[in-house]
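Pasting the structure below:
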């Protein structure tokens, strides 16, 4: 079955992926931070049972795994794919994961909350992803009866999630706005309307490969649908601004030269660390989207973005590798992915 | 007819070209610095007449051109090809040039001396080049009777050339010794034995593209043949040291990666200034010589080194170009030269 990142999607010229996550908890149990191991086992068992008996679109979708059974590399690889949170990968005792084979849906059990439902898709597809997350949420709620307060909404382990318990985000590729140095101001503006723009590899970190995540911050005082629409409207505005900036860049000879050089380096380098790979592939991706580079297989490039990450790469190679070996293996994967491209035509 | 730099030659893995130059003067005329224009005309006419009536291997070899008839670009292009001296290209009134069509032989008239004979070849071929220069020297001497003193040897415009009047040089590609930071010390040592090692684009200038020229400095107190043998011995030692350093480098993964990246940039860049072109092509040339890169057409690369120089490039393009246009044209020439290479095999 194809992974989500290999499927098509809307607005993929700028948007890489969309995620919607719900924080939910069961009644009758303390939040995970204060649970005993037997309580964790109980919660994991209850949710597993419910998930396995879902009908309709969710019938037979989920696989169950105890997080402690995963190797460090497997866990780190899931983090790299944004499939689980970084926190979920450390101290894995008592945590469990339900996941769909195409990796679009994950349910983290006993993370900060009993249940963290996450639905992903390629491109920007907030409404559809949100709706699927809602259907899964409702199907599980029917069997599990989530902790809910009429005044406060869904009760969550951390008060910042109280209310809708929903966090929706879109990963955006914003090389042109980044180049135009427009992102700092944009991030400030977004903060004032309850949205956050940050580098994809966690808060405070620099954006690598011009990949930025926009997400909602407010979970209290508005409906989930309103939060989604708000995020969607702003995301579309940013995507349009990025497109305008790209059209400017396309006229820029130095930019076109840079795209080709990055392509040349990726196509022939014998060693690539993950950071420089992200930098170069960012420009190549943009070059393809602007038709500067032609006949580059973007599906292979999209796959590269996932499989060349340190832990995922090592997982694919079957075990731990020295940084030097990783960089060589990464370069090999990149050459292989670009070898069939006939950029000259 | 093929130009010299397209022909084969000995030791071309390290040596790019060999040049031998004789400074000669006619009796009965002051040195060029103090000649009247009619005297210059007379000297140019005499030498032209002599050169045109040479027999044997030099019969019909020479074309004659008044330097003032050349455009600035044409003159600068000849300098770039080391066919004439930089000084010969400025203030061209009263100067003339005799040259062979394959550009191996030039005779500058009324430069610092009445006659500057120069013979070039590809690779390192000091003995053969020297011998051809001697044959030409003797053939002209028979007709022109050069100024010669039993005690001082050939009389020259500048006392530093007095004696043999000979300057022999080999242009060497020394990227591995440069990388090993071995050249400063080598240059010091050479200075003590009357040889000079310097960047190819004139004294004091940095070496571009790791191209260095080794030449003799001493013209008094030893025979021409001894000077040639001395230079040849040392040149062969340096070439061997370069080869050893290259074999070390070949084991170096970072170096191999660098070679491939330079190749990738050259193959795809849309703009290349002359300095970065020289840097990258230097590594690519080395990569080919070490069989890291395969199926790269080195004849085309050798030709690139000549034709992408600023003045020569503009001459080929038919007129002056903005730096921006030159860099684009250079990148185009480089892409074209590398487009047929199938480096993957």
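Protein chains in written order, with our numbering: chain A, 1014 to 1358; chain B, 1014 to 1358. Even for Gly, the Cβ is constructed at its ideal location relative to N, Cα and C. Remember, predicted model here, so these are calculated numbers, not experimental data.
Item to complete: Anything in chain A within Cβ reach of residue 1189 (chain B), meaning under 7 angstroms, just list it in chain order.
Response: Correct list: empty, because the minimum Cβ distance to chain A is about 18 angstroms.
Discussion item. Residues of chain A with CB closer than 9 angstroms to the CB of residue 1347 (chain B), please, in chain order.
Written reply: Chain A residues near residue 1347 (chain B): none, gap ~11 angstroms exceeds 9 angstroms.
Worksheet item: Are the beta-carbon atoms of residue 1030 (chain A) and residue 1022 (chain A) separated by less than 9 angstroms?
Response: yes
Worksheet entry | Interface residues of chain A facing residue 1280 (chain B) [CB-CB closer than 7 angstroms] | Within 7 angstroms Cβ-Cβ: 1277.
Worksheet item: What separation, rounded to the nearest whole angstrom, lies between the Cα atoms of residue 1105 (chain B) and residue 1280 (chain A)?
Response: Straight-line Cα distance between these residues: approximately 49 angstroms.
Worksheet entry | Strand pairing of residue 1175 (chain A), partner residues [DSSP] | Answer by DSSP bridge pairing: none, since residue 1175 (chain A) is not bridged.
Worksheet item: residue 1359 (chain B) to residue 1169 (chain B), Cα distance in whole Å?
Response: In the structure displayed, chain B extends from 1014 to 1358; residue 1359 (chain B) sits before or after that span and is not available.
Worksheet entry | Minimum length 4: unbroken alpha helix (DSSP H) runs contained in the segment 1248-1320 of chain A | 1266-1281, 1287-1302 and 1311-1320
Discussion item. Determine, for residue 1105 (chain B), whether the minimum Cβ-Cβ distance to residues of chain A falls below 9 angstroms.
Written reply: no
Worksheet entry | Residues that residue 1101 (chain A) bridges to, as DSSP identifies them | For residue 1101 (chain A), DSSP records no beta bridge to any residue.
Item to complete: Locate the beta strand (DSSP E) running through residue 1090 (chain B), then write down its first and last residues.
Response: Residue 1090 (chain B) -> not in any beta strand (DSSP E); alpha helix (DSSP H) instead, spanning 1085-1093.
Item to complete: Could you list which residues in chain A have their beta carbon closer than 8 angstroms to that of residue 1284 (chain B), in chain order?
Response: In chain order: 1266, 1267 and 1270.
Worksheet item: For chain B, is any of its Cβ atoms less than 9 angstroms away from the one on residue 1218 (chain A)?
Response: At residue 1218 (chain A), the pLDDT of 48 sits below 50, so the modelled position is not reliable; the number obtained from the coordinates is stated separately. Chain B contact via Cβ: absent.
Worksheet item: For a contact meaning CB atoms closer than 7 angstroms, what does residue 1274 (chain A) contact in chain B?
Response: 1278, 1281 and 1282
Item to complete: Could you tell me if residue 1073 (chain B) is buried or exposed, where buried requires 16 or more neighbouring beta carbons within 10 angstroms of its beta carbon?
Response: exposed
Worksheet item: Where does residue 1209 (chain B) sit, in a helix, a strand or coil, going by DSSP?
Response: strand
Worksheet item: Are the C-beta of residue 1215 (chain A) and some C-beta of chain B separated by less than 9 angstroms?
Response: Because residue 1215 (chain A) sits at a pLDDT of 43, beneath the cut-off of 50, its placement in the model cannot be relied upon, and the following sentence gives the value as read from the coordinates. Chain B contact via Cβ: absent.
Discussion item. Within 8 angstroms, do at least three Cβ pairs link the segment 1179-1199 of chain A to the segment 1228-1242 of chain A?
Written reply: yes
Worksheet item: Buried or exposed: where does residue 1174 (chain B) fall if 16 or more other Cβ atoms within 10 Å of its Cβ makes it buried?
Response: buried
Discussion item. Restricting to runs no shorter than 3 residues, where is the beta strand (DSSP E) found entirely within the segment 1025-1066 of chain B?
Written reply: 1028-1037
Discussion item. Whether or not the segment 1087-1094 of chain B and the segment 1339-1348 of chain A are in contact is what I'm after, with contact meaning three or more pairs of Cβ atoms, one per stretch, closer than 8 angstroms; do they touch?
Written reply: They do not touch, by the three-pair rule.
Worksheet item: Would residue 1080 (chain A) pass as a contact of residue 1101 (chain A) if the rule is Cβ separation under 9 angstroms?
Response: A contact, by the Cβ cut-off of 9 angstroms.
Item to complete: Say whether chain B places a C-beta atom closer than 9 angstroms to the C-beta of residue 1337 (chain A).
Response: yes
Item to complete: Report, in whole angstroms, the separation of the C-beta atoms of residue 1263 (chain B) and residue 1303 (chain B), which I expect to be a contact under 8 angstroms.
Response: 5 angstroms
Worksheet item: Who does residue 1111 (chain A) pair with in a DSSP beta bridge?
Response: Per DSSP, A:1077 and A:1120.
Practice prompt. Would you please verify whether the beta carbon of residue 1341 (chain B) is less than 9 angstroms from any beta carbon of chain A?
Written response: yes
Worksheet item: Between residue 1350 (chain A) and chain C, is there a C-beta pair that is closer than 9 angstroms?
Response: Structure shown: chain C not included; protein chains present are A and B.
Worksheet item: Hey, residue 1111 (chain B) and residue 1152 (chain B) are a contact pair by Cβ (cut 8 angstroms); roughly how many whole angstroms apart?
Response: About 13 angstroms; that fails the 8 angstroms criterion.
Discussion item. Let's test the definition: count the other Cβ atoms within 10 Å of the Cβ of residue 1315 (chain B) and tell me whether it reaches 16, buried, or not, exposed.
Written reply: Under this definition residue 1315 (chain B) is a buried residue.
Fill in: Proximity of residue 1044 (chain B) and residue 1127 (chain B) at Cβ, strictly below 9 angstroms
yes
Worksheet entry | Through-space distance from residue 1299 (chain B) to residue 1257 (chain B), alpha-carbon basis | 13 angstroms
Item to complete: Taking only beta-carbon positions, decide if residue 1344 (chain B) is within less than 9 angstroms of chain A.
Response: Interface residue, yes.
Discussion item. Give me the residue from A:1140, A:1294, A:1330 and A:1329 with the minimum Cα distance to residue 1246 (chain A).
Written reply: It is A:1140 whose Cα lies nearest to the Cα of residue 1246 (chain A).
Fill in: DSSP three-state assignment for residue 1168 (chain B), whether helix, strand or coil
coil
Worksheet item: Do you know offhand how far residue 1324 (chain B)'s Cα is from residue 1334 (chain A)'s?
Response: The C-alpha of residue 1334 (chain A) is placed about 51 angstroms away from the C-alpha of residue 1324 (chain B).
Worksheet item: Is it true that the CB of residue 1037 (chain A) sits closer than 9 angstroms to the CB of residue 1150 (chain A)?
Response: Yes, Cβ-Cβ distance for residue 1150 (chain A) and residue 1037 (chain A) is below 9 angstroms.
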